[in-house]
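Chemist: In full-length UniProt numbering, the protein residues as written are 1 to 248.
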């Protein structure tokens with residue numbers, strides 16, 4: 001099959017999955033966790049200036065496998081342009097990292113079936129965020145050739161993703177991501193902090209302006225008093241000189 005024919009085949013593949021192929025909607029808690037995590041990851045890798053493709057609910061095609069659509073996927077060192085599907089044979093590589101968010105429905109799909117399937121597909125890391133129970137599970141292939149996951153153990157409450165180069169934990173009832181000691185923030189949180197800092201700077205400037213104004217008023221008052229004192233001294237000096245003049 002030539003490149004043009006291959007491209008036509010890839011283009012003809014559906015860019016969506018059916019209800020039979022994906023879990024039923026789980027509401028705002030499920031959707032919000034995906035959106036927030038995707039936003040945090042995109043912001044981090046954008047700042048790192050590293051090409052990483054990040055997608056949500058993207059139909060994925062592995063050769064001779066039934067398509068599926070994970071909640072979140074990451075593929076390293078890949079152009080991050082928009083896609084409506086991920087075709088492994090066309091892209092030249094499979095997924096590097098998958099996150100499934102669970103809130104309702106059949107948990108076995110994420111915690112049993114996908115653990116086996118994603119390992120067999122050779123996906124290096126797989127994370128499960130149980131939003132209802134506020135719990136995180138993580139799995140890793142110990143070698144590229146392995147097709148069986150080993151369950152990760154947390155380090156001081158955090159799971160280390162070697163693929164992403166980040167640490168993940170559940171804290172304050174949400175999934176948090178860390179780069180070393182730095183907590184990664186979503187866009188809204190970063191904007192809120194920037195706004196808070198701008199307000200603090202504005203207040204500091206107002207306080208500095210108030211202090212300068214008070215200082216200028218004090219200096220003006222001191223100058224006025226000094227001038228009055230000098231004027232009184234001149235008057236007294238003139239009176240003394242008048243009194244010291246010899247009388248005719």
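For glycine and all other residues, C-beta sits at the position ideal for the given N, C-alpha and C.
Check whether the region 101-108 touches the region 43-61, counting contact only when three or more Cβ pairs, one atom from each stretch, lie closer than 8 Å.
Modeler: Touching, no.
Chemist: Counting C-beta neighbours from all protein chains within 10 Å, is the total for residue 96 16 or more, i.e. buried, or is it exposed?
Modeler: Residue 96 comes out buried.
Chemist: Per DSSP, residue 128 is paired with what?
Modeler: BP columns for residue 128 point to 100 and 137.
Chemist: Where does residue 51 sit, in a helix, a strand or coil, going by DSSP?
Modeler: The answer is coil: DSSP assigns residue 51 none of H, G, I, E or B.
Chemist: Considering Cα atoms alone, identify which of 33, 187 and 188 is closest to residue 57.
Modeler: Measuring from the Cα of residue 57, the nearest candidate turns out to be 33.
Chemist: Let's see if you can read the secondary structure: which residues bound the alpha helix (DSSP H) around residue 73?
Modeler: Run containing residue 73: none in the alpha helix (DSSP H); it sits in the beta strand (DSSP E), 72-76.
Chemist: Is it the case that the region 72-92 contacts the region 109-119, given that we only count it when at least three CB pairs across the two stretches are under 8 Å?
Modeler: Result no; under three Cβ-Cβ pairs closer than 8 Å.
Chemist: Start and end of the alpha helix (DSSP H) containing residue 245?
Modeler: Here residue 245 belongs to no alpha helix (DSSP H), and DSSP marks it neither H nor E.
Chemist: Closest to residue 138 by C-alpha separation, out of 144, 146, 129 and 145, would be which residue?
Modeler: Nearest of 144, 146, 129 and 145 to residue 138, Cα basis: 129.
Chemist: If you draw a straight line from the C-alpha of residue 30 to the C-alpha of residue 210, how long is it?
Modeler: Using only the alpha carbons, I get a separation of about 50 Å.
Chemist: Would you report the Cα separation of residue 179 and residue 189, rounded to the nearest angstrom?
Modeler: In a straight line, the C-alpha of residue 179 is about 16 Å away from that of residue 189.
Chemist: Pick helix, strand or coil for residue 156, following the three-state DSSP scheme.
Modeler: Of the three classes helix, strand and coil, the one that applies to residue 156 here is coil, per DSSP.
Chemist: Is it right to say residue 176 is buried, meaning 16 or more other beta carbons lie within 10 angstroms of its own, or is it exposed?
Modeler: Label assigned to residue 176: buried.
Chemist: Looking at residue 173 and residue 159, is the spacing between their C-beta atoms short of 8 Å?
Modeler: It is not a contact, given that the beta carbons lie outside the stated cut-off.
Chemist: How about residue 94 and residue 122: do their beta carbons lie closer than 8 Å?
Modeler: Their beta carbons are under 8 Å apart, which means residue 94 touches residue 122 by this criterion.
Chemist: Using only alpha-carbon positions, find the residue among 62, 52 and 200 that is nearest to residue 76.
Modeler: Of the candidates 62, 52 and 200, the one whose C-alpha sits nearest the C-alpha of residue 76 is 52.
Chemist: Considering only DSSP beta bridges, list what residue 151 is partnered with.
Modeler: Answer is 139.
Chemist: Quick check on the burial criterion: 16 or more other C-beta atoms within 10 angstroms. Buried or exposed for residue 125?
Modeler: Looking at its Cβ environment, which holds 16 or more other Cβ atoms inside 10 Å, residue 125 is buried.
Chemist: Could you give the DSSP three-state label for residue 61: helix, strand or coil?
Modeler: DSSP places residue 61 in strand when its eight states are reduced to three.
Chemist: Excluding the 5 residues preceding and the 5 following residue 161 in the sequence, name in chain order all residues of the same chain whose CB lies nearer than 8 Å to its CB.
Modeler: Taken in chain order, the residues that qualify are 97, 125, 127, 138, 167 and 168.
Chemist: Starting from the C-beta of residue 152, find all residues in its chain whose C-beta is less than 6 Å away, skip the five residues before and the five after it, and write them out in chain order.
Modeler: Hits under 6 Å: 138, 140 and 159.
Chemist: Within a Cβ cutoff of 7 Å, which residues of the same chain sit near residue 187, ignoring the five residues on either side of it in sequence?
Modeler: Same-chain partners within the cutoff: 39 and 43.
Chemist: Would you mind working out which of 41, 135, 144 and 72 sits nearest residue 154, comparing C-alpha positions?
Modeler: The shortest C-alpha separation from residue 154 is found at 135.
Chemist: Roughly how many whole angstroms lie between the Cα atoms of residue 87 and residue 62?
Modeler: If I take the Cα positions, the gap works out to 7 Å.
Chemist: Among the candidates 216, 145 and 131, whose CA atom is the shortest distance from the CA of residue 28?
Modeler: Checked all of 216, 145 and 131; the closest Cα to residue 28 is 131.
Chemist: What does the alpha-carbon distance come out to for the pair residue 215 and residue 222?
Modeler: Between residue 215 and residue 222, the C-alpha separation is close to 10 Å.
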